Amino acid sequence: MSRAASVDEERPVETLSLRKRFAPATLWPRLQDWLTARKHSTIGFSVLRVLFGVSMLIVLVPSYADRHYLWGAGAWWVDPEADRRGWWEPLRLLFPKDNALVFDLSFHVLLALAVLFVVGFQTRWVTPVLLVFWVGLSTNSTLLGNGGDTLMRIVLFFVVFADLSRHLSVDAWIRRRRGIRPSHRAGRMPTWVPTWLGIWTHNTVLILCVFQILLAYLVSSLLKFQGEEWLNGTAIYYALSIEQFHVLPALSQLAWQSAPVVALATWAALWVQMLFPVLILWKPTRYAAVLVITGMHLSIAILLGLWPFSLAMIALDLLLVRDGSWNRLGARLGALRRGLLSPAT
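Per the UniProt record's numbering, the very first residue in the sequence shown carries number 1; after that it's consecutive.
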């Protein structure tokens with residue numbers, strides 16, 4: 001037996017299988033199979049639909065009484081900035097500032113669309129219409145938004161072509177009542193569209209959404225490295241000290257009492273965002289990174305009151321959790337619930 005053969009026999013099986021898995025001869029067929037065999041992250045997209053819709057309602061419902069001052073006739077002074085942004089003019093006709101009746105009609109239609117989006121009713125048709133109305137409202141007051149709103153508009157355009165109603169939706173409930181088994185085309189593509197095309201568009205949208213979140217974290221971390229406060233571990237302290245964001249002042253003051261905790265939280269936010277594109281390549285580190293960064297966004301929502309931004313970011317992060325992991329989590333929670341409810345023996 002040659003020396004090379006003996007070395008191969010001694011090499012761990014995992015190493016050999018890993019090399020075979022990423023061999024150029026098998027990589028392209030595996031990629032084609034991943035793109036066209038079945039839809040991925042269907043539960044994640046359903047969660048994204050719910051969280052995006054809730055984010056919109058958090059913006060619209062509390063602002064209902066002040067809607068004319070924020071987006072209507074009282075927001076004429078924002079028009080020079082809106083014109084500079086170069087919005088497509090027909091989008092701005094949905095919410096006219098010189099016609100309160102049409103504005104109110106469009107605003108209530110948008111509210112209804114957001115509710116339908118959350119519950120997942122007729123999602124295939126509601127999603128593109130919701131996109132048009134949401135962007136139309138955004139054009140009226142460009143100074144009210146932030147990076148999260150921009151990311152939401154981009155992703156909302158992408159997910160027009162994704163399956164958002166496979167789970168947690170009225171559409172899924174109706175399909176079950178009618179005895180329609182879930183399929184790769186269920187609820188999204190007309191019957192005349194080839195099955196592989198519907199799967200391909202869904203999985204391509206997943207790739208685009210993950211790219212957007214990776215780009216957001218990478219750019220954010222690079223900008224953080226330019227600030228001295230992030231490098232010396234005091235950035236979160238200064239963020240929690242801004243009085244305008246004191247939703248729960250006592251909790252904010254409690255959070256910055258421990259200097260080591262503040263420093264660790266600052267550095268964790270910096271490095272997890274910076275290394276996020278690398279951490280998601282391996283399943284254990286991917287789930288650890290998603291857990292840490294989800295906790296970071298929940299802290300931003302609770303301590304700073306930025307719920308729409310945080311929920312949108314969490315929704316995108318959860319796309320990285322596979323359907324199998326969601327199902328296993330659901331099974332474990334179900335077993336735990338049954339164990340708690342079962343009578344003691």
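C-beta: ideal position from N, C-alpha, C; glycine also. The structure displayed is predicted, hence computed values, not measured ones.
Boundaries of the alpha helix (DSSP H) in which residue i is found, first to last residue
i           : result
residue 104 : 100-119
residue 324 : 323-341
residue 67  : 67-70
residue 53  : 42-60
residue 226 : No alpha helix (DSSP H) holds residue 226; DSSP gives it neither H nor E.
residue 75  : Unbroken run through residue 75: none, as it is neither H nor E.
residue 309 : 307-317
Spatial distance of residue i from residue j (CA atoms)
i           : j           : result
residue 46  : residue 224 : 32 Å
residue 64  : residue 57  : 10 Å
residue 89  : residue 140 : 11 Å
residue 117 : residue 308 : 15 Å
residue 185 : residue 250 : Since pLDDT at residue 185 reaches only 46, below the 50 mark, its modelled position is unreliable, and no value is offered.
residue 35  : residue 320 : 16 Å
residue 75  : residue 258 : 43 Å
residue 206 : residue 162 : 8 Å
residue 42  : residue 92  : 33 Å
residue 176 : residue 195 : 20 Å
residue 215 : residue 154 : 13 Å
residue 328 : residue 67  : 44 Å
residue 323 : residue 330 : 10 Å
residue 340 : residue 157 : 43 Å
residue 238 : residue 44  : 34 Å
residue 179 : residue 160 : 26 Å
Candidates the options, of which the one nearest residue i by Cα
i           : options            : result
residue 267 : 241, 279, 282, 232 : 232
residue 229 : 269, 298, 320      : 269
residue 134 : 245, 143, 123, 111 : 111
residue 166 : 61, 88, 120        : 120
residue 137 : 124, 299, 117, 109 : 109
residue 325 : 70, 31, 284, 91    : 284
residue 174 : 214, 122, 155, 197 : 122
residue 312 : 44, 103, 151       : 151
residue 297 : 281, 286, 282, 318 : 318
residue 33  : 197, 170, 274, 208 : 197
residue 149 : 48, 261, 55        : 55
residue 310 : 271, 333, 169, 146 : 146
residue 170 : 124, 27, 62, 338   : 124
residue 260 : 168, 69, 80, 234   : 234
Presumed contact (8 Å Cβ cut-off) between residue i and residue j, rounded CB distance
i           : j           : result
residue 305 : residue 247 : 4 Å
residue 100 : residue 73  : 7 Å
residue 240 : residue 252 : 5 Å
residue 289 : residue 279 : 4 Å
residue 276 : residue 300 : Contact flag wrong, Cβ pair sits at about 16 Å.
residue 212 : residue 316 : 7 Å
residue 113 : residue 129 : 6 Å
residue 78  : residue 142 : 6 Å
residue 164 : residue 201 : The pair is not a contact, with the Cβ atoms about 12 Å apart (cut-off 8 Å).
residue 203 : residue 97  : With a Cβ gap of about 41 Å, residue 203 and residue 97 do not count as contacting.
residue 303 : residue 255 : 6 Å
residue 265 : residue 236 : 5 Å
residue 52  : residue 71  : Not really, about 19 Å apart at Cβ, beyond 8 Å.
Heavy atom of the ligand SAH within 7 Å of residue i beta-carbon
i           : result
residue 329 : Ligands in the displayed structure: none, and consequently the ligand SAH is not present.
Below-8 Å beta-carbon distance, residue i vs any chain C residue
i           : result
residue 234 : Of the chains in the structure shown, none is chain C; there is only one protein chain.
Next on the checklist: Going residue by residue through the stretch 127-203, where are the continuous alpha helix (DSSP H) segments of at least 4 residues, counting only ones entirely within it?
Outcome noted: Fully enclosed alpha helix (DSSP H) runs of no fewer than 4 residues occupy 147-158, 170-177 of the stretch 127-203, in order along the chain.
Item to check | Those runs of the alpha helix (DSSP H) which lie wholly inside the stretch 222-295 and span at least 4 residues | outcome: Within the stretch 222-295, the complete alpha helix (DSSP H) runs of at least 4 residues are 228-232, 235-240, 249-255, 259-279.
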